[in-house]
Each structure stands twice: as structure tokens, then as C-alpha cells.
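First comes the structure, then the notes that go with it.
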Amino acid sequence: MWAAGEAYEPYVGRWSRLVAAEFVRRLGLAPGGSWRDIGCGTGAVARAVLDAAAPRDVTGVDPAESYVRHARRHVADPRAHFVLGDARALPFPDARASAAVSGLVLNFVPDPARAAAEMVRVVAPGGTVGAYLWDFGEGGMEAIRTFWDAARALDPRAGALDEAVRFPLCGRTPLRELLTGAGLAEVETDAITVPTRFRDFDDYWGPFLGGQGPAPGYVASLPEGHRTELRERLRTALPTASDGSVHLTARAWTAWGARPSG
8 MWAAGEAYEP YVGRWSRLVA AEFVRRLGLA PGGSWRDIGC GTGAVARAVL
58 DAAAPRDVTG VDPAESYVRH ARRHVADPRA HFVLGDARAL PFPDARASAA
108 VSGLVLNFVP DPARAAAEMV RVVAPGGTVG AYLWDFGEGG MEAIRTFWDA
158 ARALDPRAGA LDEAVRFPLC GRTPLRELLT GAGLAEVETD AITVPTRFRD
208 FDDYWGPFLG GQGPAPGYVA SLPEGHRTEL RERLRTALPT ASDGSVHLTA
258 RAWTAWGARP SG
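The following block contains the structure:
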């Protein structure tokens with residue numbers, strides 16, 4: 008589903024970088040730490056850590072070789088390292104990291120509880136584990152919510168692909184329960200909302216033609232006539248300013264806690 012950084016960036020990567028920066032800032036961890044970025048993708052979280060947390064090092068792990076290559080090319084900092092690996096069996100020793108974080112990934116992991124437990128395993132006692140996911144359940148990711156509302160109006164079968172249906176983890180309470188269940192203490196939750204401004208309709212629609220993710224995958228499966236019908240329905244549904252730009256917002260749910268010292 009996710010394989011190429013070049014397609015991911017214009018789709019949601021440009022917005023995920025905004026969330027990553029705010030997420031790292033809110034954690035407020037001391038400089039000099041050793042971080043692990045789980046499901047690093049294009050390296051948005053790792054870059055945010057480098058920019059805002061003054062770490063000793065940060066290591067990102069992802070199962071997609073193309074993403075690891077992309078991150079290595081675009082995060083040129085000697086403190087950053089990117090390796091292949093599975094979130095359910097992290098290639099890191101026990102209790103060494105200061106923090107393990109994951110951005111917009113755990114809903115795609117087949118066993119998120121196991122991934123959360125692995126994140127707890129690799130941090131030292133007292134270390135921080137945190138994650139954030141797009142708010143698909145309550146419609147806070149407006150660009151995606153608008154898409155699926157239009158798709159479902161034209162094709163009832165599209166409902167089964169809607170992230171709101173497929174990813175029940177993408178909510179404040181489920182995310183908090185996931186980290187609490189992994190053994191973290193004092194789990195906190197919050198929301199981060201960022202503006203998502205599209206230059207014009209084509210800037211909104213074009214990334215849906217990239218084939219990556221549930222919505223672009225659905226678009227790729229449509230016959231040309233149905234694709235055109237969906238495009239024009241979206242053109243009508245989106246709030247468009249006088250200059251042709253489209254202004255929406257994207258909300259992510261965040262949760263973090265500490266590995267108990269005892």
C-alpha cells in the first residue's frame with residue numbers, strides 16, 4: 008500500500024511534516040537522547056527530532072526498502088540512520104533508547120499491540136513512547152473525509168475502503184488504550200490540527216492519482232468514466248476560495264507515556 012516516497016509526499020507527506028514537528032515539540036524531551044522512529048517512511052519524524060530535540064542520534068526503521076532509501080537521501084544528518092525492519096520485531100536491543108515514537112503508522116501494522124509492546128521494550132525505564140494517527144474516525148482529516156463522502160455517494164462499495172471504517176485505532180480513546188495496554192504509565196492524549204491549503208483543485212486531486220494508500224488505490228481501480236465523475240463531484244464539494252485555492256484542516260490524535268522505572 009505504501010511503497011514510494013515520491014508519491015507519498017504530495018499526498019499526505021507535506022501535512023505529516025507539520026504534525027511531526029509539533030508532536031516532537033510537545034514531548035519536550037531533554038536534548039542528547041537516543042531516539043527510535045518506528046515506521047519512519049520518508050523520515051518526517053526523524054527530521055523533526057533532529058530539528059527540535061537536539062538528539063544524540065535517531066534511528067528510523069521501516070519495512071519498505073524504497074522508503075528507507077528515500078529517507079537516507081533526504082535526511083542528510085550524521086546523527087540519523089535508517090534501517091529495514093518490522094515494527095512487530097524491532098531490530099534494536101532492550102532498554103537502550105531514550106524515546107520510541109511512531110507517526111501515522113500503527114493503524115497499518117497488522118498487530119499494533121505487538122508493535123506498541125516492542126516500542127516499550129526498546130526504551131530504557133523512564134523513557135518515552137509516543138505515537139500519533141490521523142483522525143479518520145471523527146472526520147478531522149478533512150481532505151480524506153471529503154473524498155470518501157463523495158466516493159460513497161457515487162459507489163456504496165467504496166464504504167468498505169473508507170479509513171473511518173478500516174482503522175478503528177485512529178481515535179483518541181483507542182490510541183490511549185493501546186499505549187496503556189503496552190504497559191506505559193501516565194499516558195497523555197491530545198490533538199494536533201494543521202492547515203492543509205491546496206493551491207487549486209488540481210493540487211488536491213493530483214495526489215489521488217499516485218496509487219498509494221486506500222483512497223488513491225480506489226481511484227486507480229475505477230474505470231475512466233467513473234473516475235471523471237468522482238473528480239467532478241469533488242470539485243463541486245470542496246470549499247474553493249475566489250483565487251481557486253482550497254483551505255482545509257487535518258487533525259491527528261496523539262498519545263505518549265513513560266516506561267515505568269520499577
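Counting along the sequence shown from 1, when you hit position 197 you're at 204 in the numbering used here, and nothing is skipped either side. C-beta atoms are modelled at their ideal positions from N, C-alpha and C, and glycine is treated no differently.
| said: Does the contact criterion of 3 or more C-beta pairs under 8 Å hold for the region 236-252 versus the region 105-118? | reply: no
| task | Have a look at arginine 206 and tryptophan 212 and give me their C-alpha separation to the nearest angstrom. | result | Near 11 Å, if we compare the C-alpha coordinates of tryptophan 212 and arginine 206.
| message | Could you give the first and the last residue of the continuous beta strand (DSSP E) run that contains phenylalanine 89? | response | 87-91
| field | In chain order, each beta strand (DSSP E) run of at least 3 residues that lies wholly inside the region 191-220 | value | 192-205
| said: Checking the sheet assignment: what are the DSSP bridge partners for methionine 271? | reply: Summary: the structure shown does not reach residue 271, with the chain confined to residues 8 through 269, and so no result is reported for it.
| If we ignore side chains and look at the alpha-carbon of each, how far apart do phenylalanine 154 and alanine 102 end up? | 42 Å
| query | According to DSSP, is alanine 27 helix, strand or coil? | reply | helix
| message | With three or more C-beta pairs closer than 8 Å as the rule, is the region 88-101 touching the region 212-230? | response | Touching, no, given that fewer than three Cβ pairs across the two stretches are closer than 8 Å.
| query | CB threonine 203 to CB leucine 255, shorter than 8 Å? | reply | yes
| Every unbroken alpha helix (DSSP H) inside the region 70-134 [4 residues or more] | 72-81 and 119-129
| message | What does the alpha-carbon distance come out to for the pair alanine 131 and alanine 171? | response | One Cα belongs to alanine 131, the other to alanine 171, and the distance between them is close to 34 Å.
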